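Colleague: This is the structure, below, for whatever I ask next.
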Amino acid sequence: MPLVCLSSPEGIEALCSDLGVDYTDVRILMLAWKLKAEKQGYFTQDEWQTGLKALGVDSLTKLKKALPELEKEVEEPSNYEDFYIYAFQYCLTEEKQKSVDIESICELLNLVLGVQFRPQVDSLVEYLKVQNDYKVINADQWINFLRFCKEISFPDLENYDATQAWPLILDNFVEWMREKQS
Amino acid sequence: MSNQKKRNFQIEAFKHRVVVDPKYAEKTWSVLEHAIHEIYNHNASGLSFEELYRNAYNMVLHKFGEKLYSGLVTTMTAHLKEISKSIEAAQGGLFLEELNRKWNDHNKALQMIRDILMYMDRTYIPNAHKTPVHELGLNLWRDNVIHSSKIQSRLLSMLLELVHKERTGEVIDRGLMRNIIKMLMDLGSSVYQEDFEKPFLEVSAEFYMGESQKFIECCDCGDYLKKAEIRLNEEIERVTHYLDVKSEVKITNVVEKEMIASHMMRLVHMENSGLVNMLLDDKYEDLGRMYNLFRRVPNGLSTIRDVMTSHLREIGKQLVTDAEKLKDPVEFVQRLLDEKDKYDNIISQAFCNDKMFQNALNSSFEYFINLNNRSPEFISLFVDDKLRKGLKGVGEEEVEIILDKVMMLFRYLQEKDVFEKYYKQHLAKRLLSGKTVSDEAERSLIVKLKTECGYQFTSKLEGMFTDMKTSQDTMQGFYASHLELTDGPTLVVQVLTTGSWPTQPSITCNLPAEMSALCEKFRSYYLGTHTGRRLSWQTNMGTADIKATFGKGQKHELNVSTYQMCVLMLFNNADRLSYKEIEQATGIPTSDLKRCLQSMACVKGKNVLRKEPMSKDIGEEDALFVNDKFTSKFYKVKIGTVVAQKETEPEKLETRQRVEEDRKPQIEAAIVRIMKSRRVLDHNNIIAEVTKQLQSRFLANPTEIKKRIESLIERDFLERDNNDRKLYRYLA
Chain F
1 MPLVCLSSPE
11 GIEALCSDLG
21 VDYTDVRILM
31 LAWKLKAEKQ
41 GYFTQDEWQT
51 GLKALGVDSL
61 TKLKKALPEL
71 EKEVEEPSNY
81 EDFYIYAFQY
91 CLTEEKQKSV
101 DIESICELLN
111 LVLGVQFRPQ
121 VDSLVEYLKV
131 QNDYKVINAD
141 QWINFLRFCK
151 EISFPDLENY
161 DATQAWPLIL
171 DNFVEWMREK
181 QS
Chain G
1 MSNQKKRNFQ
11 IEAFKHRVVV
21 DPKYAEKTWS
31 VLEHAIHEIY
41 NHNASGLSFE
51 ELYRNAYNMV
61 LHKFGEKLYS
71 GLVTTMTAHL
81 KEISKSIEAA
91 QGGLFLEELN
101 RKWNDHNKAL
111 QMIRDILMYM
121 DRTYIPNAHK
131 TPVHELGLNL
141 WRDNVIHSSK
151 IQSRLLSMLL
161 ELVHKERTGE
171 VIDRGLMRNI
181 IKMLMDLGSS
191 VYQEDFEKPF
201 LEVSAEFYMG
211 ESQKFIECCD
221 CGDYLKKAEI
231 RLNEEIERVT
241 HYLDVKSEVK
251 ITNVVEKEMI
261 ASHMMRLVHM
271 ENSGLVNMLL
281 DDKYEDLGRM
291 YNLFRRVPNG
301 LSTIRDVMTS
311 HLREIGKQLV
321 TDAEKLKDPV
331 EFVQRLLDEK
341 DKYDNIISQA
351 FCNDKMFQNA
361 LNSSFEYFIN
371 LNNRSPEFIS
381 LFVDDKLRKG
391 LKGVGEEEVE
401 IILDKVMMLF
411 RYLQEKDVFE
421 KYYKQHLAKR
431 LLSGKTVSDE
441 AERSLIVKLK
451 TECGYQFTSK
461 LEGMFTDMKT
471 SQDTMQGFYA
481 SHLELTDGPT
491 LVVQVLTTGS
501 WPTQPSITCN
511 LPAEMSALCE
521 KFRSYYLGTH
531 TGRRLSWQTN
541 MGTADIKATF
551 GKGQKHELNV
561 STYQMCVLML
571 FNNADRLSYK
581 EIEQATGIPT
591 SDLKRCLQSM
601 ACVKGKNVLR
611 KEPMSKDIGE
621 EDALFVNDKF
631 TSKFYKVKIG
641 TVVAQKETEP
651 EKLETRQRVE
661 EDRKPQIEAA
671 IVRIMKSRRV
681 LDHNNIIAEV
691 TKQLQSRFLA
701 NPTEIKKRIE
711 SLIERDFLER
721 DNNDRKLYRY
731 LA
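Order-wise, the sequence lines are chains F and G. The first sequence begins at 1 in the working numbering and counts up one residue at a time. The second sequence begins at 1 in the working numbering and counts up one residue at a time.
Laid out in structure tokens, this is it:
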């Protein structure tokens with residue numbers, strides 16, 4: 001196994017260029033998920049070794065080849081939600097941090113949901129940037145974004161019911177959308 | 001002893017000689033036939049009952065019952081046909097009289113005949129399943145007289161004509177009517193119904209349809225109802241006099257339908273005289289009549305109730321949104337109470353205290369009182385006014401009545417917590433300025449609030465009263481242990497427990513030397529007996545009585561606020577003081593200082609100070625002097641009171657914000673309580689339960705509840721269920 005100095009962000013950047021993948025590419029996040037990496041921007045020795053074993057690779061070239069398979073694995077319904085939640089937790093850099101700032105959330109949404117739910121993400125990001133009820137997003141709101149994209153018909157929002165248990169931020173988002181549409 | 005032969009005695013039936021005379025039956029029958037004739041010809045006196053009875057008896061006994069019976073039928077029928085003819089011959093009004101007379105005759109005859117034929121009635125007739133004599137007599141009458149073609153229709157039209165005459169005001173022979181009707185009833189209920197009642201009801205319906213049409217065009221609502229009531233009573237009376245009692249409900253239904261039900265909406269909404277006008281003018285009699293009549297028809301009462309409700313809501317809405325009327329809160333609340341009294345009276349005097357109407361009244365009041373979000377504040381101001389001066393000299397019973405009425409309005413409020421906030425503020429002002437008319441009245445109201453809302457609501461209020469009492473005791477103790485101070489200025493301290501009293505930010509000003517020394521003594525005395533407490537002087541809430549002597553020797557006692565006292569005392573050591581000097585010396589915050597100086601320098605009758613320049617407002621460059629020319633016809637002059645007033649806009653906003661803030665923990669506590677006991681609950685049910693729990697304080701907003709739930713999720717008190725997004729789970 002090539003010795004890679006991974007216990008630093010620079011190390012990861014180097015890894016990325018080796019793999020031919022941008023640092024901000026979602027596949028790095030997927031890799032982190034597979035590796036069950038705890039800290040954003042860092043892979044520990046343990047995580048690296050265990051993860052590579054799970055992927056069944058032992059060289060950088062093989063790792064590169066394994067990336068598309070990894071993507072497919074993540075997109076499997078049983079994994080996808082797990083990955084999605086992981087993405088959020090990965091952003092909690094401080095100890096006891098429970099929420100993530102709006103800017104980062106917008107980037108994360110783009111990264112994680114952008115491919116599958118482009119229109120929803122675009123509107124949601126626009127809304128998050130103009131509203132000022134919330135300066136941060138917590139885990140509960142985050143998971144509900146995914147559910148919203150999966151369950152609610154877009155852009156008509158026909159089956160959205162504000163008297164149900166959707167978080168208030170989504171109630172406000174829907175109201176904002178409806179006003180825009182009329 | 002003998003050899004006599006034994007003789008067997010045998011008992012044998014006594015044997016008649018049976019005479020089988022073929023002509024026997026014939027002969028016997030003709031005797032009876034003759035008797036029947038005589039009876040019908042009013043010649044019964046010459047007959048021997050015993051003989052006739054025996055004849056009939058024999059016929060039946062000898063198996064000639066059949067002949068007897070058919071003979072009876074034939075004979076009676078023949079007679080009835082004759083009778084029929086004579087009735088038909090009667091002219092005009094005599095028709096009914098003749099019918100009646102013949103009917104009576106027939107009944108008498110029938111009775112006698114039945115008596116004679118009693119044996120047949122009891123033996124042959126049941127065995128042969130024939131109609132008994134009496135009933136037979138009635139049936140024959142019915143078939144041959146009443147249903148004879150010439151009599152049937154004439155009878156009906158005569159009866160109906162008489163009824164019509166009576167309805168148009170003529171007097172008729174009721175006794176005759178009664179007899180004829182009774183005859184029909186005796187002939188069987190189907191005869192009564194088919195030959196009289198049904199057509200009677202039809203004709204009556206037409207009649208009343210016409211009547212109601214006539215009246216509705218020319219009468220106002222009240223008059224129409226009077227007429228309807230009269231007609232209804234007439235019909236009921238008619239029934240008691242000459243109709244079958246079972247007809248009462250049928251004929252009243254007809255009148256109700258034609259006169260009331262068909263025109264219900266038109267009556268209720270009649271312009272200038274309909275229900276709304278009656279309500280406005282307190283027309284108890286008309287309203288009572290309407291109630292009594294309408295309760296007889298389907299949807300009658302609910303129609304009245306609905307119109308009353310929408311009218312009330314309209315009036316109420318106008319009341320609470322009319323800017324003019326809202327200028328004086330006390331007036332406003334008085335208007336509400338007056339309106340409630342008015343409708344209470346209407347419901348008790350005219351609507352028989354009907355619960356349905358009471359409920360409608362309550363729901364209407366609840367609706368419009370809450371349309372104006374200042375209602376809680378205004379009701380508290382009303383109470384304040386009453387407890388401050390309004391109830392002066394009023395007897396204890398009356399006081400209770402007024403307070404109970406206020407409680408009634410309180411019950412309608414959705415935002416009871418807003419009321420509580422204001423009530424506390426106003427109570428504090430009353431207690432601290434000593435301006436309450438009656439301690440009993442204050443306490444009585446607290447008790448009522450406690451009964452209505454529970455201990456939580458009033459515990460702080462009661463704390464305020466306790467503080468006042470305790471302070472009195474403390475003052476006594478203070479002066480008892482500091483006898484050397486009895487000659488100096490008298491200090492009265494009220495020690496308020498933080499938390500029970502409405503919070504005010506306290507900025508202490510600089511007290512005059514005499515006072516600050518005294519206050520210090522008090523402080524050490526108090527802290528000596530109550531360790532671990534902290535005292536902070538609320539100089540913005542106190543008052544002072546000062547004796548002043550002015551330039552020309554006028555002496556007055558001035559009742560002022562603490563701030564004002566600080567300012568005035570400065571003038572013991574200086575004739576002229578600039579605004580800035582005063583500000584410096586007293587340390588009173590700017591806006592308070594300006595208000596305080598303004599009340600002493602710019603208000604006629606209270607201008608104990610003079611200022612230069614003589615402008616209306618206090619400027620920071622102004623100079624102030626004692627007004628040596630001050631005069632007042634009163635020795636005691638009151639400057640600066642701390643009366644409760646309607647809040648200004650910014651104050652209102654602030655109070656409302658505080659209320660909203662206070663509600664958050666209450667909502668959260670309710671959510672936690674519910675989730676703790678239920679463990680798992682879905683969204684809609686949480687909202688419903690929380691709303692219910694908080695109902696007695698305020699109407700919880702579902703959006704606000706949602707916010708609190710999310711906040712609790714974030715703080716790990718609750719979580720969402722993984723599988724069913726609508727469920728929440730309590731995290732221990």
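Backbone N, C-alpha and C fix where the C-beta goes; we use that ideal spot for every residue, glycine too. Since we're looking at a predicted model, the values are computed, not measured.
For the 8 Å Cβ check, are there 3 or more pairs between the stretch 288–303 of chain G and the stretch 217–235 of chain G?
Modeller: Taking 8 Å as the limit for Cβ pairs, the verdict is that the stretch 217–235 of chain G does touch the stretch 288–303 of chain G.
Colleague: Residues in the same chain with beta-carbon distance under 6 Å from residue 3 of chain F, minus the five sequence neighbours each way, listed in chain order, please.
Modeller: What you label residue 3 of chain F is simply residue 3 of the first sequence in a count that begins at 1. Because the pLDDT at residue 3 of chain F is just 49, under 50, the model does not fix this residue reliably, and the value given afterwards should be weighed accordingly. None.
Colleague: Can you look up residue 7 of chain G in the DSSP assignment and give me helix, strand or coil?
Modeller: Counting from 1 along the second sequence, the entry for residue 7 of chain G is found at position 7. Coil at residue 7 of chain G, not helix or strand.
Colleague: I'd like to know if residue 714 of chain G contacts chain F, where contact means its C-beta is closer than 8 Å to some C-beta of that chain.
Modeller: Along the second sequence, one-based indexing puts residue 714 of chain G at 714. Judged by the 8 Å Cβ criterion, residue 714 of chain G is in contact with chain F.
Colleague: What is the rounded straight-line gap between the Cα of residue 647 of chain G and the Cα of residue 372 of chain G?
Modeller: Along the second sequence, one-based indexing puts residue 647 of chain G at 647. Along the second sequence, one-based indexing puts residue 372 of chain G at 372. Going by the C-alpha atoms only, they are around 15 Å apart.
Colleague: At a Cβ threshold of 8 Å, is residue 3 of chain F touching chain G?
Modeller: What you label residue 3 of chain F is simply residue 3 of the first sequence in a count that begins at 1. Note that residue 3 of chain F has pLDDT 49, beneath the 50 cutoff, so the model's placement of it is unreliable and no number is given.
Colleague: Verify whether the separation of the beta carbon atoms of residue 68 of chain G and residue 60 of chain G is less than 8 Å.
Modeller: Taking the second sequence and counting its residues from 1, one reaches residue 68 of chain G at position 68. Taking the second sequence and counting its residues from 1, one reaches residue 60 of chain G at position 60. Going by C-beta atoms, residue 68 of chain G is nearer than 8 Å to residue 60 of chain G.
Colleague: If you run the structure through DSSP and keep just helix, strand and coil, what is residue 543 of chain G?
Modeller: Numbered from 1 along the second sequence, position 543 holds the residue referred to as residue 543 of chain G. Strand at residue 543 of chain G.
Colleague: Can you check DSSP and say which residues form a bridge with residue 730 of chain G?
Modeller: Here residue 730 of chain G is taken as the residue at index 730 of the second sequence, counted from 1. Answer by DSSP bridge pairing, in chain order: G:718.
Colleague: Can you confirm whether residue 110 of chain F, when its beta carbon is compared against all beta carbons of chain G, has any partner nearer than 8 Å?
Modeller: Taking the first residue of the first sequence as 1, we reach residue 110 of chain F at position 110. Output row for residue 110 of chain F: interface = no.
Colleague: If we ignore side chains and look at the alpha-carbon of each, how far apart do residue 133 of chain G and residue 92 of chain G end up?
Modeller: Taking the second sequence and counting its residues from 1, one reaches residue 133 of chain G at position 133. Taking the second sequence and counting its residues from 1, one reaches residue 92 of chain G at position 92. Each residue's Cα considered, the two are about 33 Å apart.
Colleague: Kindly confirm or deny that the stretch 516–529 of chain G and the stretch 571–584 of chain G touch, where touching means at least three C-beta pairs closer than 8 Å.
Modeller: No contact exists between the stretch 516–529 of chain G and the stretch 571–584 of chain G.
Colleague: 8 Å is my cut-off, CB to CB: does residue 98 of chain F come that close to chain G?
Modeller: Numbered from its first residue, the first sequence carries residue 98 of chain F at position 98. It does; some Cβ of chain G falls within 8 Å.
Colleague: Put residue 503 of chain G into one of helix, strand or coil per three-state DSSP.
Modeller: Locating residue 503 of chain G in the second sequence gives position 503, counting from the first residue. Residue 503 of chain G: coil per DSSP, three-state reduction.
Colleague: At 9 Å on the CB atoms, spell out the chain G contacts of residue 165 of chain F, in chain order.
Modeller: Locating residue 165 of chain F in the first sequence gives position 165, counting from the first residue. Ordered by position in chain G, the residues that pass the 9 Å Cβ test against residue 165 of chain F are 682, 683, 684, 686, 706, 709, 720, 725, 726, 727 and 728.
Colleague: I'd like to know if residue 140 of chain F contacts chain G, where contact means its C-beta is closer than 8 Å to some C-beta of that chain.
Modeller: Position 140 of the first sequence, counted from the first residue, corresponds to residue 140 of chain F. By this cut-off, residue 140 of chain F is an interface position.
Colleague: Name, going along the chain, the residues of the stretch 154–181 of chain F whose beta-carbon falls closer than 9 Å to a beta-carbon of chain G.
Modeller: Within the stretch 154–181 of chain F, the residues whose Cβ lies closer than 9 Å to some Cβ of chain G are 162, 163, 164, 165, 166, 167, 168, 169 and 171, listed in chain order.
Colleague: Please report the Cβ distance between residue 330 of chain G and residue 392 of chain G, rounded to the nearest whole angstrom; I am assuming they are in contact, meaning their Cβ atoms lie under 8 Å.
Modeller: Locating residue 330 of chain G in the second sequence gives position 330, where the first residue counts as 1. Locating residue 392 of chain G in the second sequence gives position 392, where the first residue counts as 1. That belief does not hold up - the Cβ atoms of residue 330 of chain G and residue 392 of chain G are roughly 15 Å apart, past 8 Å.
Colleague: When DSSP labels each residue in this structure, what does residue 125 of chain G get in the three-state scheme?
Modeller: Within the second sequence, the letter at position 125 stands for residue 125 of chain G. Residue 125 of chain G: helix per DSSP, three-state reduction.
Colleague: Find the nearest neighbour of residue 540 of chain G within the set G:569, G:505 and G:513, judged by alpha-carbon distance.
Modeller: Position 540 of the second sequence, counted from the start, is the residue given in the question as residue 540 of chain G. Among G:569, G:505 and G:513, the Cα nearest to that of residue 540 of chain G belongs to G:505.
Colleague: At what residues does the alpha helix (DSSP H) containing residue 647 of chain G begin and finish?
Modeller: Taking the second sequence and counting its residues from 1, the one referred to as residue 647 of chain G is at position 647. From DSSP, residue 647 of chain G is part of no alpha helix (DSSP H); its letter is neither H nor E.
Colleague: For the stretch 306–391 of chain G, list the alpha helix (DSSP H) runs that are entirely contained and at least 4 residues long, ordered along the chain.
Modeller: Entirely contained in the stretch 306–391 of chain G, the alpha helix (DSSP H) runs reaching 4 residues are, in chain order, 329–349, 355–369 and 375–385.
Colleague: Using a Cβ-Cβ cut-off of less than 9 Å, list which residues of the stretch 690–703 of chain G approach chain F; keep chain order.
Modeller: Hits within the stretch, in order: 702 and 703.
Colleague: Look at the alpha carbon of residue 485 of chain G and the alpha carbon of residue 468 of chain G, and state the distance between them as a whole number of angstroms.
Modeller: Walking along the second sequence from the start, residue 485 of chain G turns up at place 485. Walking along the second sequence from the start, residue 468 of chain G turns up at place 468. Approximately 22 Å, taken between the alpha carbons.
Colleague: Which whole-angstrom value is the C-beta distance of residue 175 of chain G and residue 221 of chain G, which I expect to be below 8 Å?
Modeller: Numbered from its first residue, the second sequence carries residue 175 of chain G at position 175. Numbered from its first residue, the second sequence carries residue 221 of chain G at position 221. About 39 Å separates the two Cβ atoms, so there is no contact after all.
Colleague: What first and last residue would you give for the beta strand (DSSP E) that runs through residue 681 of chain G?
Modeller: To locate residue 681 of chain G, count along the second sequence from 1; it is residue 681. Residues 680–682.
Colleague: Locate the alpha helix (DSSP H) running through residue 56 of chain G, then write down its first and last residues.
Modeller: Taking the second sequence and counting its residues from 1, one reaches residue 56 of chain G at position 56. Counting along the chain, the alpha helix (DSSP H) containing residue 56 of chain G begins and ends at 49–61.
Colleague: Please give me, in chain order, every unbroken run of the alpha helix (DSSP H) with length at least 4 that falls completely inside the stretch 149–197 of chain G.
Modeller: As far as the stretch 149–197 of chain G is concerned, its whole alpha helix (DSSP H) runs of at least 4 residues are 149–167, 174–186 and 189–192.
Colleague: Go through its chain and collect everything with a Cβ distance to residue 219 of chain G's Cβ below 7 Å, but skip five positions before and after it.
Modeller: The count along the second sequence starts at 1 and reaches residue 219 of chain G at position 219. If we look at residue 219 of chain G and ignore the five residues flanking it on each side, its Cβ neighbours are 227.
Colleague: Does any C-beta atom of chain G lie closer than 8 Å to the C-beta of residue 147 of chain F?
Modeller: Indexing the first sequence from 1 puts residue 147 of chain F at position 147. Closer than 8 Å to some Cβ of chain G, the Cβ of residue 147 of chain F qualifies, so yes.
Colleague: Relative to the alpha-carbon of residue 367 of chain G, which residue among G:320, G:655 and G:566 has its alpha-carbon at the smallest distance?
Modeller: Locating residue 367 of chain G in the second sequence gives position 367, counting from the first residue. Closest by alpha carbon: G:320.
Colleague: Ignoring anything shorter than 4 residues, give me the alpha helix (DSSP H) runs that lie fully in the stretch 256–313 of chain G, in order along the chain.
Modeller: Runs found: 264–268, 275–280 and 284–294.
Colleague: For the structure I just gave you, are there three or more beta carbon pairs, one from the stretch 438–457 of chain G and one from the stretch 554–564 of chain G, closer than 8 Å?
Modeller: No, the stretch 438–457 of chain G is not in contact with the stretch 554–564 of chain G.
Colleague: With residue 610 of chain G as the anchor, note down where its alpha helix (DSSP H) starts and where it stops.
Modeller: If you number the second sequence from 1, residue 610 of chain G lands on position 610. Note, residue 610 of chain G: premise wrong, no alpha helix (DSSP H); beta strand (DSSP E) at 609–612.
Colleague: So, for residue 501 of chain G: in the same chain, excluding its five sequence neighbours on each side, which residues have a beta-carbon less than 7 Å away from its beta-carbon?
Modeller: Sequence index remark: in the second sequence, residue 501 of chain G carries index 501 (1-based). Taken in chain order, the residues that qualify are 428 and 464.
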